[in-house]
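Residue numbers (the numbering used here): 14 to 630.
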């Protein structure tokens, strides 16, 4: 974390100086409808840019307090680090270290399997469980401390939407607060208002798919039990009483249970069953028998019907026009909650959209870039639907034929490990994701996937850290230049030549797209990783672009260069398949995904990549 660049400022460095926000509430750049995970992720990102006027409205009377989602994937934790609150989440949350599987046995149930929850090497961040309300609190804290001091407007309901693309603010939205109606003009609208999204309906999109006939209940309880794995994530399949999932919660005592409730008949709905929490408790007791299960307090509970549904697209640009309205999260994809993926994918939707909206609004990118949101995230949501269908089926099949010592549900869990960790997303080649000509230079940094972090040591102060820490939620692109091992800083070597090109050549993407008067890393931030042999060198020997002067005092930035680790299992070159003779240049998008892999002498190809969507500063 860097601060004091423009002079000493006492107090909490996370609290940015308040900025004057232009415009009026009746005319905004972005109107966000809904304060769920998607809406708050988007708001937390846009709150840092006073030039982008943003409002976020929510029909509920106040912030969420309990219930709903709780699973936070490794990938979401990487994103939380970019927002600055991953440490808080890790301190409060339950860490899912292992998952256990129980199956029918004489006299009740028996543990049939126990596996590591997240495969080694998938991420440096853990899979954790934390109440969705606390995640909301942390996003709200980011918003409160951002320059705009953005805050949700509760008790405010979306009523209607009209689009007139001939106007500077094409969206005309009517909001209701109490008995009063308000008209708001917006350049863009983001519908993050859940599965019954009014915004989705206003642009004529429908959730398509089937609601399966399975019924499940969910409850958060404080319980006294002699079941030995109550503090493990557990899948418990009984002989005849059904299946439950146990998800330990934060705080050491709270636990969530998903309780199978049978199937619905033709045309029957969950409400017709009149399910009670006592029925859920009794069912859990039968599944867990002969173990005791004494519920002391029910914090929250619900019953739901499994359904996997998806919209055809995530914006209103079905006719090829530039999009004005976007939908995210449950507004465009729904599924069962048992695999803990919905909140994660919803936040990923918004993280993909936020930087693109900011770039289009501030003239940093061609507005056509906004088409990429639906193109990229609709495919991710389809993968979510497919995963959920397979996982729900595996959980349901208690008593399925077991051909070895591993229960079928455990085999399915292991097969889907990359997906549940959140690291399986790979965007297809597009204006934002290059083709694979340079992929052989860094085979472990796959095009279209999120930057798979590695341990490094910062050159200036020998601080051990993760390379992924350099990517904050600030909408900047990162260039990560990984030097060859032999004489990486010798005159004429690839890394110094890249720095010379980027600092001096008229074709340099950095020179072309950095606004006049801005710091050299304002839009494209160059970082470098040197081989471990360079640990003893002086930072003053670095090329000027890797020791840039910034701010009103023109102070040097000492945090641009890192060295690879040498310890077994921590060497970047070996871990990520980086060519030791040639090195590689990674282009990392603001949402932490790899946009391109190039040779270090690929400065002109780099310029062509950015020319595909950026506008000059």
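Note that the Cβ used here is the ideal one computed from N, Cα and C, for glycine as well.
(1) Going by beta-carbon coordinates alone, are residue 75 and residue 167 separated by less than 8 Å?
(2) Can you give, in chain order, each stretch of the alpha helix (DSSP H) that sits fully within the region 484 to 517 and has at least 4 residues?
(3) Roughly how many whole angstroms lie between the Cα atoms of residue 420 and residue 451?
(4) Should residue 108 go down as buried or exposed, given a rule of 16 or more other Cβ atoms within 10 Å for buried?
(5) Looking at the C-beta of residue 356, does it have a partner C-beta in chain C at a distance below 8 Å?
(6) Once DSSP output is grouped into helix, strand and coil, what is the label at residue 606?
(7) Residues in its own chain within less than 6 Å of residue 299 by CB, not counting five upstream and five downstream?
(8) State the start and end residues of the unbroken alpha helix (DSSP H) segment that holds residue 90.
(9) For residue 357, count neighbouring Cβ atoms within 10 angstroms of its own Cβ and tell me buried if that reaches 16, exposed if not.
(10) So, is residue 603 buried or exposed, given that buried needs 16 or more other C-beta atoms within 10 angstroms?
(11) Look at the alpha carbon of residue 94 and the alpha carbon of residue 472, and state the distance between them as a whole number of angstroms.
(12) Residue 615 to residue 494, Cα distance in whole Å?
(13) My parser needs the beta strand (DSSP E) runs of 3 or more residues fully inside the region 538 to 616; what are they?
(14) Which residue's Cα is closest to the Cα of residue 488: 624, 227, 605?
(15) Candidates 594, 503, 278: which alpha carbon is nearest residue 556's?
(16) Once you ignore the five residues that flank residue 64 on each side, which residues in its own chain have a CB closer than 7 Å to its CB?
(17) Tell me the rounded alpha-carbon separation between residue 548 and residue 576.
(18) If you reduce the DSSP assignment to three classes, tell me which class residue 148 lands in.
(19) Note the first and the last residue of the continuous alpha helix (DSSP H) segment covering residue 433.
(20) To the nearest angstrom, how far is the alpha carbon of residue 437 from that of residue 461?
(21) What are the residues that DSSP puts in a beta bridge with residue 229?
(22) With a Cβ-Cβ cutoff of 8 Å, do residue 326 and residue 88 count as a contact?
(23) Going by the beta-carbon positions, is the gap between residue 306 and residue 240 smaller than 8 Å?
(24) Going by the DSSP bridge assignment, what does residue 248 pair with across the sheet?
(25) Would you kindly check if the distance between the Cβ of residue 312 and the Cβ of residue 259 is under 8 Å?
(26) For the alpha helix (DSSP H) that contains residue 59, what are its first and last residues?
(27) Note down, in chain order, each residue of its chain lying with its Cβ closer than 6 Å to the Cβ of residue 573, except the 5 sequence neighbours on either side.
(28) Give the secondary structure of residue 414 by DSSP, where H, G and I count as helix, E and B as strand, and everything else as coil.
(29) Give the single residue among 429, 433, 521, 43 whose Cα lies nearest to the Cα of residue 141.
(30) Which residue wins for smallest C-alpha separation from residue 271, given the options 23, 281, 279, 290?
(31) The beta strand (DSSP E) spanning residue 138 covers which residue range?
(32) I'd like the list of long-range same chain contacts for residue 156, defined as Cβ closer than 7 Å, with 5 residues on each side in sequence excluded.
(33) Express the C-alpha separation of residue 387 and residue 206 in angstroms, rounding to a whole number.
(34) Using the C-alpha atoms, what's the distance from residue 159 back to residue 213?
(35) Count the other CB atoms, across all protein chains shown, that sit within 10 Å of the CB of residue 544; report buried if there are 16 or more and exposed otherwise.
(36) So, with DSSP's three-state summary, where would you put residue 622?
Inspection of the coordinates gives the following:
(1) yes
(2) 507 to 517
(3) 42 Å
(4) exposed
(5) In the structure shown, chain C cannot be found, because there is only a single protein chain.
(6) strand
(7) 254
(8) 87 to 96
(9) buried
(10) buried
(11) 22 Å
(12) 11 Å
(13) 574 to 577, 597 to 601, 607 to 611
(14) 605
(15) 503
(16) 375
(17) 6 Å
(18) helix
(19) 430 to 433
(20) 10 Å
(21) 273, 317
(22) no
(23) yes
(24) 114, 258
(25) no
(26) 50 to 59
(27) 540, 559
(28) The predicted position of residue 414 is uncertain, since its pLDDT is 49 and thus under 50; no value can be drawn from it.
(29) 433
(30) 290
(31) Premise fails: residue 138 is in no beta strand (DSSP E) and is neither H nor E.
(32) 56, 57, 60, 163, 164
(33) 17 Å
(34) 29 Å
(35) buried
(36) helix
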